[in-house]
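In the numbering used here, the protein residues as written are 22 to 294.
Please read the structure below before turning to the comments.
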């Protein structure tokens, strides 16, 4: 893969991102398609060549990069869901215009948030030049989610945990994975609501007895139950799914699950594709 150099040019009213490649510039159908159509989710790009090199320029008119947006705050489940939705919409639009989704540059420094929507940079080159398969780059993004996720957001942990695990596969369908994550999350939330409703049906301080009969019908023993206070319930933090509970505990100690290579691909690296 050809080496990619990323630079920023800050002006009074806008910022330009320059991506330079050590290959001769070639005007191709991808550039013509990008310039002739308004593809949702993409930032406008211009291409030029000089001294046997290629430069692609993306203009930023407002908004923050994903990296800056979450530099001082934690991500919520809603942020991850919004990102995946905007990414899928962009991929669908690219395919309608006969453009390869592998051209998307999925890196927090090159993904921008404007008016609540995520916008992406598209690199209109051949795979042999400077592309990484979308499946591989999205998996790296799930590691970014893990690093920046609010660890108190249990629903977010469930969503990202499932997504990261599924994208470990060599080939996968992004849409199916996201749908599976959402379905699992909905089932977990429904169970938590049912549990909370059942617990709230007991009046505060209520005491009742349950007689347990043995097989002969004789009274074996009597147990007494008392409604627990909210403080006691919060302290216990019941989580039925052992997998998620284990993930929460691992997160608090700086590890997620038993994956030795987790949160390693993006640590201490510059922008790369």
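For each residue, glycine too, the CB sits at the ideal point set by N, CA and C.
Everything numeric in this text was worked out from a predicted model, so none of it was measured.
CB contact check: residue i to chain D, cutoff 8 Å
| i | result |
| --- | --- |
| residue 51 | This model lacks chain D altogether, as it is built from one protein chain only. |
Boundaries of the beta strand (DSSP E) in which residue i is found, first to last residue
| i | result |
| --- | --- |
| residue 190 | It is not in any beta strand (DSSP E) - residue 190 carries neither H nor E in the DSSP assignment. |
| residue 147 | Careful: residue 147 lies outside any beta strand (DSSP E) and carries neither H nor E. |
| residue 57 | Unbroken run through residue 57 is the alpha helix (DSSP H), 50-57; no beta strand (DSSP E). |
| residue 300 | Any property of residue 300 remains undetermined from this structure, which presents the chain solely from 22 to 294. |
| residue 67 | 66-71 |
| residue 139 | 138-140 |
| residue 134 | 133-135 |
C-beta contact flag for residue i and residue j at 8 Å
| i | j | result |
| --- | --- | --- |
| residue 198 | residue 187 | yes |
| residue 85 | residue 159 | no |
| residue 88 | residue 130 | yes |
| residue 61 | residue 110 | yes |
| residue 79 | residue 65 | yes |
| residue 205 | residue 183 | yes |
| residue 99 | residue 170 | no |
| residue 181 | residue 167 | yes |
| residue 118 | residue 52 | no |
| residue 138 | residue 114 | no |
Residue i burial status per 10 Å Cβ neighbour count (16 or more: buried)
| i | result |
| --- | --- |
| residue 77 | buried |
| residue 140 | buried |
| residue 254 | Low confidence applies here, because residue 254 scores a pLDDT of 38, under 50, leaving its location unreliable; read the following figure in that light. By the neighbour-count rule (16 or more Cβ atoms within 10 Å), residue 254 is not buried but exposed. |
| residue 185 | buried |
| residue 190 | exposed |
| residue 165 | buried |
| residue 221 | exposed |
| residue 152 | buried |
| residue 32 | exposed |
| residue 93 | exposed |
| residue 83 | exposed |
| residue 28 | exposed |
| residue 128 | buried |
| residue 58 | exposed |
Boundaries of the alpha helix (DSSP H) in which residue i is found, first to last residue
| i | result |
| --- | --- |
| residue 159 | 155-169 |
| residue 32 | Neither: residue 32 is in no alpha helix (DSSP H) and is coded neither H nor E. |
| residue 102 | 98-117 |
| residue 89 | 87-90 |
Three or more beta-carbon pairs under 8 Å between the region 38-51 and the region 131-147, yes or no? Verdict: yes, contact present.
Are the region 168-184 and the region 67-77 touching by the rule of at least three beta carbon pairs closer than 8 Å? Taking a cut-off of 8 Å on C-beta distances, the region 168-184 does not touch the region 67-77, as fewer than three cross pairs fall below it.
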